[in-house]
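First comes the structure, then the notes that go with it.
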Amino acid sequence: MCGIVGLISFTDDLTRRPELLTAMRGALALRGPDAVGEWVSARALLVPRRLAVVDLEGGRQPMVATDATGADTVVLSYTGEVFNADGVRAELRRRGHEFRERSDTEVVLRAYEEWGPSCAERLRGMFAFAVWDVRREELVLIRDRFGIYPLYYADTAAGLAFGSEPKALFTTGAIEPVVDGAGLLEALSFTPTPGHVPFRGMREVIPGEVVRFGRDGLRRHRYWNFTPARHRDDLAATEHRVRELLEDIVRQQVAADVPISSMLSGGLDSSAVCALAGRVLAGSGRAEPLKTFSMEFSYHLDHFRPDEVHDSPDSPYVAKMAAHLGTEHRELLIDRGHLSDRDGQAEVVRAMERPVAGLDMYVSLYRLSQEVRRFSTVTLTGDGSDELFGGYMWFHDPYYVRAKTFPWLGASHQMEFLSGLLRRDLHRRLDFPGHERESYRAALAEVPLTGDETPHERRMREITYLNMTRYLRVILDRKDRLGMAASVEGRVPFCDHVLAEYVYNVPWEMKVADGREKSLLRAAVRDLLPEDVLARRKSPFPTAQDPAYRTALREQLRAVVADPANPVNELLEPERVKSVLEDPSYGLRAGVTRMSIEAAVQLHHWLASGVTVSL
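Numbering (full-length UniProt numbering), first residue to last: 1 to 615.
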């Protein structure tokens with residue numbers, strides 16, 4: 001259940017617009033290849049696409065509630081998974097509701113009938129859904145607490161358009177793929193601004209938010225945020241509680257009526273998820289082992305060079321962990337041809353609908369998702385653990401902790417990862433440093449505090465909150481877009497809000513009790529993992545070290561700018577581009593990172609996909 005799009009109009013009769021329905025039905029085919037539905041009235045048009053995961057025969061959408069006369073009252077278009085559906089269903093039955101199937105879609109529909117928009121507070125999972133209340137002529141949009149599933153909307157002359165991806169909204173004819181100066185600034189900034197998207201006139205439903213739209217206009221409110229509180233458990237009890245929560249979460253999230261798998265990098269997070277999932281599957285009596293997947297750059301097999309954050313390739317740890325758990329493992333090798341393939345790059349840009357930092361990572365993850373899809377429809381990942389438990393180096397390096405900006409930026413030059421080749425006048429006009437400063441100031445003002453933290457504890461709360469609400473958004477968006485482009489549902493156990501609420505209030509000294517990053521998590525799962533995997537230092541997702549990849553990027557850039565009619569030339573600084581192309585060492589001296597070259601190539605793909613930049 002993975003893609004929705006819809007349109008509300010208070011002036012036009014939507015039953016007279018069959019061409020819109022045709023376009024909208026095809027908008028999100030990759031997100032939902034198994035089925036497409038529709039509900040049409042004069043005022044509302046709802047089109048969900050389904051990736052069948054639970055109750056393969058049920059769960060048809062849109063799902064409609066009716067009154068005693070048989071008239072439609074509530075229409076639900078839903079995407080996601082509610083992992084506590086059984087408990088919510090039991091509560092609703094006690095309140096007199098009857099159920100015809102076992103899908104979580106019907107649970108959400110009945111929950112809305114019973115509690116209205118506040119039903120979101122009772123749901124535990126990852127979801128984004130739209131409810132058209134026929135009686136009130138009101139649209140309600142609701143998104144999960146961490147934004148695991150996306151949801152966008154845009155005002156129109158007659159009402160509102162909404163959908164799981166911007167490209168879906170464009171099919172409604174109500175909004176065009178136009179990017180203005182503010183949108184370009186958002187697209188090329190390293191840190192996303194909650195609620196904002198690159199396309200003019202469009203917004204996203206913020207994680208943990210309800211948006212209501214009717215004849216009286218649009219209203220928004222947050223139904224969830226972190227609640228600061230004093231932590232009462234000692235270290236042993238805290239470790240026990242984290243383990244207890246993780247076991248419960250993974251037990252819920254392996255439930256599916258299709259093949260399920262897990263990503264495995266050989267690090268603490270994914271290894272813990274795989275170990276817990278393997279135990280659940282074995283305990284359920286399933287004969288087949290857990291399927292696991294990893295990727296490695298072929299160049300790294302013989303030429304890997306340790307750097308500041310990568311001590312070794314992932315492969316040795318992956319092999320040890322897969323053998324330890326007895327998983328059915330597949331490793332995908334990525335070579336320079338995969339990374340520099342223009343069609344593959346264009347597919348990634350179409351999926352993400354914006355340039356990204358680290359194109360090589362995105363291309364490799366997209367190809368890995370395609371490999372997963374050959375064997376599995378649902379995959380678990382370890383995303384969210386580093387943000388919650390403090391795994392990244394910027395939680396521990398005093399330089400980054402003290403930085404007066406988002407800690408992952410650290411130094412001011414890192415703000416220009418994506419903008420290094422922009423025209424100088426455009427770069428000054430967009431003011432990337434000023435944008436980052438204002439975004440950082442606004443984010444700090446949000447941080448929930450008890451008020452009695454020590455200065456260091458306060459700072460660590462701030463960094464945790466910034467990671468959970470900003471940096472994690474990049475990770476989750478990447479997981480969703482690239483997975484859905486391959487018709488794979490990604491589940492993220494560490495992004496369970498019950499676990500997150502508990503760990504958010506654990507004092508920092510407990511999270512690093514043994515002096516290492518994520519020591520709380522390490523202690524909670526120490527009996528599940530081999531010692532060398534347990535002790536492995538945090539190693540981020542690998543980036544390509546092959547120098548031939550940078551050479552290929554330069555040649556791609558050369559081909560792009562050689563066409564004087566290419567609109568990307570209007571955005572790039574000619575002299576800087578010329579220097580990068582003529583002197584391979586220039587970029588290093590001038591602070592033009594590989595990501596800046598990747599960004600220029602991606603801008604070309606973005607504009608070629610139909611996007612217009614209007615400055």
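The beta-carbon is built from N, C-alpha and C at its ideal position, and this holds for glycine as well.
*My guess is that P62 and V54 are in contact by the Cβ rule of under 8 angstroms, so how many angstroms apart are they, rounded?*
As a working mapping, residue 62 is identified with position 62 in the sequence shown. As a working mapping, residue 54 is identified with position 54 in the sequence shown. That pair is no contact at about 17 angstroms.
*Kindly indicate which three-state DSSP category Y78 falls into: helix, strand or coil?*
Locating residue 78 in the sequence shown gives position 78, where the first residue counts as 1. In this structure, Y78 counts as strand in the three-state DSSP scheme.
*Counting along the chain, where does the alpha helix (DSSP H) carrying A168 start and finish?*
Counting from one through the sequence shown, the residue named residue 168 turns up at place 168. P166 to F170 is the extent of the alpha helix (DSSP H) around A168.
*Where does D104 land, buried or exposed, given buried means 16+ other C-beta within 10 angstroms?*
Start at 1 with the first residue of the sequence shown, and residue 104 comes out as number 104. Label assigned to D104: buried.
_Other residues of its chain near L528: CB distance less than 6 angstroms, five sequence neighbours each side excluded_ = Position 528 of the sequence shown, counted from the start, is the residue given in the question as residue 528. Answer for L528: A275, listed in chain order.
*asked:* Suppose the cutoff is 6 angstroms on Cβ atoms and the five residues either side in sequence are ignored; what does the same chain contact list for R17 look like?
replied: Against the sequence shown, residue 17 aligns to sequence position 17. So no residue of the chain qualifies.
*Can at least three beta-carbon pairs, one atom from the region 459 to 472 and one from the region 349 to 368, be found at a separation below 8 angstroms?*
Under the 8 angstroms Cβ criterion, the region 459 to 472 does not count as touching the region 349 to 368, having fewer than three qualifying pairs.
*asked:* Just to confirm before moving on: does the CB-CB distance between L521 and A161 stay below 9 angstroms?
replied: As a first step, residue 521 is located in the sequence shown; it is residue number 521 there, counting from the start. As a first step, residue 161 is located in the sequence shown; it is residue number 161 there, counting from the start. No, these two residues do not count as a Cβ contact at 9 angstroms.
*Apart from the five residues on each side of it in sequence, which residues of its chain come closer than 6 angstroms, Cβ to Cβ, to V36?*
By one-based count along the sequence shown, residue 36 stands at place 36. The answer, listed in chain order, is R25 and R49.
*asked:* Please identify the residue among A256, D257, V134 and D477 whose C-alpha is closest to the C-alpha of Y366.
replied: Counted from its first residue, the sequence shown places residue 366 at position 366. With distances taken between Cα atoms, Y366 lies closest to D477.
*Taking the alpha helix (DSSP H) that I475 falls in, what are its first and last residues?*
As a position in the sequence shown, residue 475 is number 475, starting the count at 1. Looking at the DSSP string, the run of the alpha helix (DSSP H) that includes I475 is L472 to A485.
*Using the C-alpha atoms, what's the distance from D233 back to P540?*
Locating residue 540 in the sequence shown gives position 540, counting from the first residue. Locating residue 233 in the sequence shown gives position 233, counting from the first residue. Rounded to the nearest angstrom, the gap between the Cα atoms of P540 and D233 is 31 angstroms.
_To the nearest angstrom, how far is the alpha carbon of L380 from that of E582?_
Along the sequence shown, one-based indexing puts residue 380 at 380. Along the sequence shown, one-based indexing puts residue 582 at 582. So the alpha carbons of these two residues sit roughly 45 angstroms apart.
*Of the choices R122, F83 and T191, whose alpha-carbon is the least far from that of L472?*
Within the sequence shown, the letter at position 472 stands for residue 472. Looking at the Cα atoms, T191 is the closest of the given residues.
*Looking only at DSSP bridge pairs, what is F129 linked to?*
As a position in the sequence shown, residue 129 is number 129, starting the count at 1. Answer by DSSP bridge pairing, in chain order: Y78 and I142.
_Three-state secondary structure (DSSP) of E176_ = Position 176 of the sequence shown, counted from the start, is the residue given in the question as residue 176. E176: coil per DSSP, three-state reduction.
*asked:* For D248, tell me which candidate among V498, E573 and I597 has the shortest Cα-Cα distance.
replied: Within the sequence shown, the letter at position 248 stands for residue 248. When each option's Cα is compared against that of D248, the closest is V498.
_Proximity winner among W39, R203 and V503, relative to T227 (alpha-carbon distances)_ = Mapped onto the sequence shown, residue 227 falls at position 227. Residue nearest to T227 within the set W39, R203 and V503 is V503 (criterion: CA-CA distance).
*Using the C-alpha atoms, what's the distance from M295 back to L368?*
In the sequence shown, the residue the question calls residue 368 occupies position 368. In the sequence shown, the residue the question calls residue 295 occupies position 295. Near 7 angstroms, if we compare the C-alpha coordinates of M295 and L368.
*asked:* For V349 and H605, which I take to be in contact (beta-carbon distance under 8 angstroms), what is that distance rounded to the nearest angstrom?
replied: Your numbering for residue 349 matches position 349 in the sequence shown. Your numbering for residue 605 matches position 605 in the sequence shown. At roughly 4 angstroms, the Cβ-Cβ gap stays under 8 angstroms, so V349 and H605 are in contact.
*Are the CB atoms of R330 and E371 nearer to each other than 9 angstroms?*
As a first step, residue 330 is located in the sequence shown; it is residue number 330 there, counting from the start. As a first step, residue 371 is located in the sequence shown; it is residue number 371 there, counting from the start. In contact: R330 and E371 (Cβ atoms closer than 9 angstroms).
*asked:* I need the DSSP call for G59, collapsed to helix, strand or coil.
replied: Indexing the sequence shown from 1 puts residue 59 at position 59. Coil.
*If we call anything under 9 angstroms between Cβ atoms a contact, is Y152 one with G163?*
Stepping through the sequence shown from its first residue, residue 152 is reached at position 152. Stepping through the sequence shown from its first residue, residue 163 is reached at position 163. Their beta carbons are under 9 angstroms apart, which means Y152 touches G163 by this criterion.
*asked:* Using only CA atoms, which one of A52, R537, L45 and Y549 lies nearest to E308?
replied: For the purposes of this step, residue 308 is taken as the residue at position 308 of the sequence shown. Taking only the C-alpha atoms, the option nearest E308 is R537.
*Nearest residue (CA-CA) to D34, options E239, S41, G3 and L21*: Taking the first residue of the sequence shown as 1, we reach residue 34 at position 34. The shortest C-alpha separation from D34 is found at G3.
*asked:* Please classify K578 as buried or exposed, where buried requires at least 16 other C-beta atoms within 10 Å of its C-beta.
replied: What you label residue 578 is simply residue 578 of the sequence shown in a count that begins at 1. It is exposed - the Cβ of K578 has fewer than 16 other Cβ atoms within 10 Å.
_With H, G and I counted as helix, E and B as strand and the rest as coil, what does DSSP make of H310?_
Counting from one through the sequence shown, the residue named residue 310 turns up at place 310. Residue state, collapsed to three classes: coil.
_Given a cut-off of 9 angstroms on the beta-carbon distance, is the pair S439 and T193 in contact?_
The count along the sequence shown starts at 1 and reaches residue 439 at position 439. The count along the sequence shown starts at 1 and reaches residue 193 at position 193. Yes, Cβ-Cβ distance for S439 and T193 is below 9 angstroms.
_Please return the same chain residues whose Cβ sits closer than 7 angstroms to the Cβ of R89, not counting the five positions on each side in sequence._
Sequence index remark: in the sequence shown, residue 89 carries index 89 (1-based). The residues are F99 and V107.
_C-alpha gap between F83 and E531, whole angstroms_ = Mapped onto the sequence shown, residue 83 falls at position 83. Mapped onto the sequence shown, residue 531 falls at position 531. Going by C-alpha positions, F83 is about 32 angstroms away from E531.
*What is the DSSP secondary structure of P540, counted as helix, strand or coil?*
As a position in the sequence shown, residue 540 is number 540, starting the count at 1. Coil, per DSSP.
_Cβ contact (3+ pairs, closer than 8 angstroms) linking the region 487 to 496 and the region 429 to 445_ = no
*Run the CB neighbour count on A411, radius 10 Å, all protein chains shown included, and call it buried at 16 or more, exposed below.*
What you label residue 411 is simply residue 411 of the sequence shown in a count that begins at 1. The pLDDT assigned to A411 is 49, lower than 50, so where the model puts this residue is not dependable; a value taken from the coordinates is nonetheless given after this. A411 is exposed by the Cβ-count criterion.
*When the distance is taken between beta carbons, is A229 closer than 9 angstroms to T469?*
For this step, residue 469 is matched to residue 469 along the sequence shown. For this step, residue 229 is matched to residue 229 along the sequence shown. No, the Cβ-Cβ distance between T469 and A229 is not below 9 angstroms.
*If we count Cβ pairs, one from each stretch, closer than 8 angstroms, do we get three or more for the region 279 to 293 versus the region 118 to 125?*
In short, these stretches do not touch, since the Cβ pair count stays below three.
*Answer with buried or exposed for F389, where buried requires no fewer than 16 other C-beta atoms within 10 angstroms of its C-beta.*
The count along the sequence shown starts at 1 and reaches residue 389 at position 389. It is buried - the Cβ of F389 has at least 16 other Cβ atoms within 10 Å.
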